[in-house]
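Visitor: Dumping the structure here so I can ask a few things about it.
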Amino acid sequence: MTEFVFNVAFRRQLQEDTHHYGEVTFLESVLRPGMTVIDGGANCGVTTIAIARAVGNKGHVYAFEPVPEYFASLQKNISRNGIGNTSVCNLGLSNKTGPIPFYKHGEGSGCTPADNSEEIQVDVITIPEFLTVHSIPKLNFINLDCEGSELLVFRSAQAVLLEQAPLIFCEVHRDYLKVLNQSVEDLAKFLTDLGYGVKPIQVEDLTTPSDFGRCSHIYASMDAE
419 MTEFVFNVAF
429 RRQLQEDTHH
439 YGEVTFLESV
449 LRPGMTVIDG
459 GANCGVTTIA
469 IARAVGNKGH
479 VYAFEPVPEY
489 FASLQKNISR
499 NGIGNTSVCN
509 LGLSNKTGPI
519 PFYKHGEGSG
529 CTPADNSEEI
539 QVDVITIPEF
549 LTVHSIPKLN
559 FINLDCEGSE
569 LLVFRSAQAV
579 LLEQAPLIFC
589 EVHRDYLKVL
599 NQSVEDLAKF
609 LTDLGYGVKP
619 IQVEDLTTPS
629 DFGRCSHIYA
639 SMDAE
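The numbers in the working numbering rise by one with no breaks, and the one at position 91 of the sequence shown is 509.
The structure is reproduced here in structure tokens:
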């Protein structure tokens, strides 16, 4: 799925990958035209392009991918799909700004080592600093897949979450969270303490209610019941 054009044929192909198809389907159900979105851990851009299409010309997407080869694929797919409302950033999101060790494995990457992973150096930035540097006045939505560092990202963005209340869709990586002495429950509690309603989501089966013990993602909203 390195190179693709997000057309009807690709959507049919995507249905064979229940994880990615579920992510795209859920995102399309909650995004609205005109939203400003951060897409952290964009990889080759499947969710990025789905988000860009959903928010339309009046919206904007800031897609983050720190690994150079994934970033190159992201750029090519943005161009290949004629996407004009997306800025791509060769950065990761974290709780600090600057270079950090990063671990590339298979088609993924993250701040925690994995089996047979390759250590590289990447640059990261916090959400508040990025918004300030680029004079972005309002953030409506955060889509995050940072392979375990999500809680670090959210903690550093606490003021933004409280002031702007962006919707949040976040993938859960239990093994990587455990390495950082964190859990899905810690992630949910942090957001709940800020006033968010947090819902566990299983993207492989969006029709069946999930729980925090087996969810693939969480969805958080200040308006959630």
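Idealized CB from N, CA, C, for every residue including glycine. Quick caveat, the model's predicted, so the values are computed rather than measured.
With distances taken between CB atoms, is the gap from Ile-586 to Ile-560 smaller than 7 Å?
Guide: A contact, by the Cβ cut-off of 7 Å.
Visitor: Counting Cβ pairs closer than 8 Å, one from the segment 443-452 and one from the segment 537-553, do we hit at least three?
Guide: Judged by Cβ distances under 8 Å, the segment 443-452 makes no contact with the segment 537-553, as fewer than three pairs qualify.
Visitor: For Thr-420, count neighbouring Cβ atoms within 10 angstroms of its own Cβ and tell me buried if that reaches 16, exposed if not.
Guide: Result: exposed.
Visitor: Pick from Gly-452, Asn-425, Gly-459 and Leu-449: whose alpha carbon is nearest that of Glu-589?
Guide: Considering only alpha carbons, the answer is Gly-459.
Visitor: How long is the line joining the alpha carbons of Tyr-594 and Gln-600, rounded to whole angstroms?
Guide: Roughly 8 Å between the two C-alpha positions.
Visitor: Could I get the ranges of all uninterrupted alpha helix (DSSP H) runs contained in the segment 459-485, with 4 residues as the minimum, in chain order?
Guide: List check, alpha helix (DSSP H) in window: 464-473.
Visitor: Could you work out which residue in Ser-574, Ser-505 and Glu-565 is closest to Ile-554 when comparing CA atoms only?
Guide: That would be Ser-505, whose Cα lies nearest to the Cα of Ile-554.
Visitor: Can you give the Cα-Cα distance for Phe-422 and Cys-462, rounded to whole angstroms?
Guide: Using only the alpha carbons, I get a separation of about 9 Å.
Visitor: Straight-line CA distance for Thr-436 to Arg-429?
Guide: Cα-Cα distance, rounded: 11 Å.
Visitor: Determine the direct distance from the alpha carbon of Thr-465 to that of Leu-605, and round the result to whole angstroms.
Guide: Leu-605 and Thr-465: Cα-Cα distance of roughly 22 Å.
Visitor: Within its chain, find whatever has a CB closer than 8 Å to the CB of Leu-624; leave out the 5 residues flanking it on each side and keep chain order.
Guide: Answer for Leu-624: Gly-440, Thr-443 and Phe-444, listed in chain order.
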